[in-house]
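Student: So that we are looking at the same thing, I have put the structure below in structure tokens.
Have a look at this one:
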């Protein structure tokens, strides 16, 4: 659906202010469109960000929705971020974060926690090497996001791991006198030729010499590239024999040496992935990894030869923790689609540039959403804050004229607040030259702000029904096209007509699962080295529940305004149990009960588990030293009981739009693409859509937002959306 007058701009209503919505607004407002699209963003409450929102609290503390780090393969996210900062053109003499390299810095220290052979928690950390280039650079030579590309990198990793493994056999044991030659030039081999080559390689592998195994892997890669589908079983046999040979060499050392066990678990998992790719024919399958999304990741690994110990290893648990892959928040029943799990793992390890992880110099709201907001404002995008979507109204079938398809006729909002002067709300605050989002709205700008503050209106809460007015936007008058960027959890509540009338939307709502999350942040008097952490600042997963993931965020101290500076800052997060039915809007006490639950979880975690990370954070009796926690209102005051935690920050992300999007097996096929044109003036945007990377993360949301923009404007070109390889 377009504007009636081709010379008039197309009015686009973007609903929601998360990564996907902002990416769509950024693409549609590009100068190249020459003002063709008149974009207005309608946002709940006073700030942008969605699940990436952050705010400045007491002492300008950065208070996040959760733990946010960017991965080095987030090509689309970094590309837009780099373009945003370049267009913004901040003065570095005035603003401390003027360029994207000021905003992000590489974080090479990544780790997993695990229980060692003596029953104590161990932290396995590694400094991942810097990779060529930077995320967001142009892809010059070839597209690395191909299954064959992953296979090559996986085999290279195996060679590296095997080179560092000491076997109980003589590494110099002579290989049998077997010549192994593979035709060059990429010629396709017959099944008989492949079988002959593999049989000769098996004799080499049987000796267990590392050099021979590495030689076999090199040939295996060539066979995978040149072999036919008929020969896949023979190549699988070779890989399985390699796994058996390495296992035999290392097995006796498993119970003596945790480092050997870790290396074997990685080797075992990597070989299982290779076997699965070949057995399932994924290289030639146009669906790629999507072909195995109905299978559960751990079972798929087992079916392809991984040992149960490897599948239960810290590496697999860490993968599930990072994806919060626990439907219902049940840590005993993890579930993750095999295709997405393998795709995500291979991209994380083999396509990152610069560093595997990148941390932000300030809050995500400050580093990401404030710059986007400023650029979009300069481009003429309007922002309507304090607009809570209540209903997306569809055309009635009987009202459609010939040639007209089903479409959105109206958007119904509750207006939560208005400004005193009727002007657009000004949302940002200045923190030492850096534009930031506050943790609370500026009540002085709001009509009746004193009363609203006194009554404790919670603008971002699904259960808070306060409003000052209603507003209905009508198609052809107030908008022509809608980009719906709310979370999937909110869809049943704001799109009831769509869900009732459209079987695909009903199936999507039923099968695309979400889970609540929980997070807390603490500010400590002592640095982590003093507390007993021996390694560089890490990001670690697979730790003890209920907070399995943590990151050292001490670098943020310089961005906050403490009168006495903390020695360390640490963020923790994980999935949270579902609790009661969250559709009960009348139960306005529900979110506060969940917040109290998260507080209790955090206190118990500090009392019982923090000693495994920071042994000096407990006293001689093993009790957490509560006096370590700093109160921004009085940083020098020391409190010695658990009530000291009340000065810290924690959150229960239970609102429907705040829930984390999951990718359990069998669910991904129910996702609808932003390119779907069933409703001719509606597209969707979010990490819950079919966007080419179907997992809850910044990159998926940005990809989805770019696809939503393409659905309306045919720009960006699909080929320009990195990693999007779907038809």
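Numbering (my numbering), first residue to last: 3 to 729.
Where a beta carbon is used, it is the ideal one built from N, C-alpha and C, also for glycine.
Which partner residues does residue 389 have in the DSSP bridge list?
Tutor: DSSP output for residue 389 lists 417 as bridge partner(s).
Student: Pick from 235, 504 and 443: whose alpha carbon is nearest that of residue 201?
Tutor: Ranking the options by Cα distance to residue 201, first place goes to 235.
Student: According to DSSP, residue 360 sits in a beta bridge with which residue or residues?
Tutor: Answer is 72 and 108.
Student: Just verifying my parser: in three-state terms, what is the DSSP assignment at residue 720?
Tutor: If DSSP states are grouped into helix, strand and coil, residue 720 belongs with the helices.
Student: Just tell me which of 595, 506, 611 and 564 has its CA closest to the CA of residue 671.
Tutor: Minimum Cα distance to residue 671 is reached at 506.
Student: Quick one, which of 597, 158 and 719 has its alpha-carbon nearest residue 655's?
Tutor: The option with the nearest alpha carbon to residue 655 is 597.
Student: Pull up the distance between the alpha-carbon of residue 565 and that of residue 635, whole angstroms please.
Tutor: Whole-angstrom Cα-Cα distance: 9 Å.
Student: Between the alpha carbons of residue 522 and residue 604, how many angstroms are there, rounded?
Tutor: If I take the Cα positions, the gap works out to 7 Å.
Student: Going straight from the alpha carbon of residue 626 to that of residue 643, what length do you get?
Tutor: Whole-angstrom Cα-Cα distance: 9 Å.
Student: Any idea what DSSP makes of residue 201, helix, strand or coil?
Tutor: Note: residue 201 maps to helix in three-state DSSP.
Student: From residue 1 to residue 213, what distance separates their C-alpha atoms?
Tutor: Because the chain in this structure spans residues 3 to 729, residue 1 falls outside the shown range and cannot be described.
Student: Contact defined as beta carbons within less than 8 Å: I believe residue 18 pairs with residue 487. What is the distance between those atoms, to the nearest angstrom?
Tutor: So it is a contact: roughly 3 Å between Cβ atoms.
Student: Buried or exposed: residue 453, going by 16 or more other Cβ atoms within 10 Å of its Cβ?
Tutor: Residue 453 comes out exposed.
Student: Comparing C-alpha positions only, which one of 514, 447 and 93 sits nearest to residue 422?
Tutor: Closest by alpha carbon: 447.
Student: Which stretch, first to last residue, makes up the alpha helix (DSSP H) that contains residue 715?
Tutor: Note, residue 715: alpha helix (DSSP H), 700-715.
Student: For my contact list, residue 135 and residue 355 are in at a C-beta cut-off of 8 Å; report their separation, rounded to the angstrom.
Tutor: Sure, about 4 Å apart at Cβ, within 8 Å.
Student: Per DSSP, residue 325 is paired with what?
Tutor: Per DSSP, none; premise fails for residue 325.
Student: Do you know offhand how far residue 456's Cα is from residue 450's?
Tutor: If you take the alpha carbons of residue 456 and residue 450, they lie about 10 Å apart.
Student: For residue 301, is the classification buried or exposed, using 16 other Cβ atoms within 10 angstroms of its Cβ as the cut-off for buried?
Tutor: Exposed, because fewer than 16 other Cβ atoms sit within 10 Å of the Cβ of residue 301.
Student: What alpha helix (DSSP H) runs, 4 residues minimum, are completely inside the stretch 247-306?
Tutor: Listed in chain order, they are 260-281 and 299-305.
Student: Can you check which of these residues, 113, 120 and 569, is closest to residue 637 by C-alpha distance?
Tutor: When only C-alpha atoms are compared, the closest one is 569.
Student: Using 7 Å as the threshold, is the C-beta distance between residue 726 and residue 688 below it?
Tutor: No; because the gap between Cβ atoms is not below 7 Å, this pair is not in contact.
Student: Can you say whether residue 477 is buried or exposed, counting buried as having 16 or more other CB atoms within 10 angstroms of its CB?
Tutor: Label assigned to residue 477: buried.
Student: Return helix, strand or coil for residue 449, following the three-state DSSP convention.
Tutor: Coil, per DSSP.
Student: Could you check how far apart the C-beta atoms of residue 341 and residue 295 are, in whole angstroms? I think they sit under 8 Å.
Tutor: Between residue 295 and residue 341 the Cβ distance is about 4 Å, and since that is below 8 Å, they are a contact.
Student: Residue 679: buried (16+ other C-beta within 10 angstroms of its C-beta) or exposed?
Tutor: Residue 679 comes out exposed.
Student: Using DSSP bridges, identify the partner residues of residue 438.
Tutor: Per DSSP, 431.
Student: Here's a check: name, in chain order, each residue in its chain whose Cβ is nearer than 8 Å to the Cβ of residue 128, leaving out the five neighbours to either side.
Tutor: For residue 128, where only same-chain residues beyond five positions count, the Cβ hits under 8 Å are 111, 112 and 113.
Student: To which residues of the same chain is residue 614 closer than 6 Å at the C-beta, ignoring the five residues directly before and after it?
Tutor: Here the set comprises 123.
Student: Going by DSSP, name the residue or residues bridged to residue 574.
Tutor: According to DSSP, which records beta bridges pairwise, residue 574 is partnered with 522 and 552.
Student: Exposed or buried, what is residue 600 when buried is set at 16 or more other beta-carbons lying within 10 Å of its beta-carbon?
Tutor: Buried, by the Cβ-count rule.
Student: Can a CB atom of chain B be found closer than 7 Å to the CB of residue 615?
Tutor: Judged by its chain identifiers, the structure shown contains no chain B, having just a single protein chain.
Student: On a CA-only basis, which of 306, 62 and 48 is nearest residue 282? Give me that one, please.
Tutor: It is 306 whose Cα lies nearest to the Cα of residue 282.
Student: What three-state label does DSSP hand residue 56 in the structure shown?
Tutor: Reduced to three states, the DSSP call for residue 56 is strand.
Student: For residue 181, collect the residues of the same chain with a Cβ closer than 8 Å to its Cβ; drop the 5 residues on either side in sequence, then sort them by chain order.
Tutor: With a pLDDT of only 48 at residue 181, under the threshold of 50, the placement of this residue in the model should not be trusted; the figure read from the coordinates follows. Counting only Cβ-Cβ distances below 8 Å, and skipping sequence neighbours, we find 202.
Student: Provide the residue span of the alpha helix (DSSP H) that contains residue 66, from first to last.
Tutor: That residue, residue 66, is in no alpha helix (DSSP H); its beta strand (DSSP E) goes 64-66.
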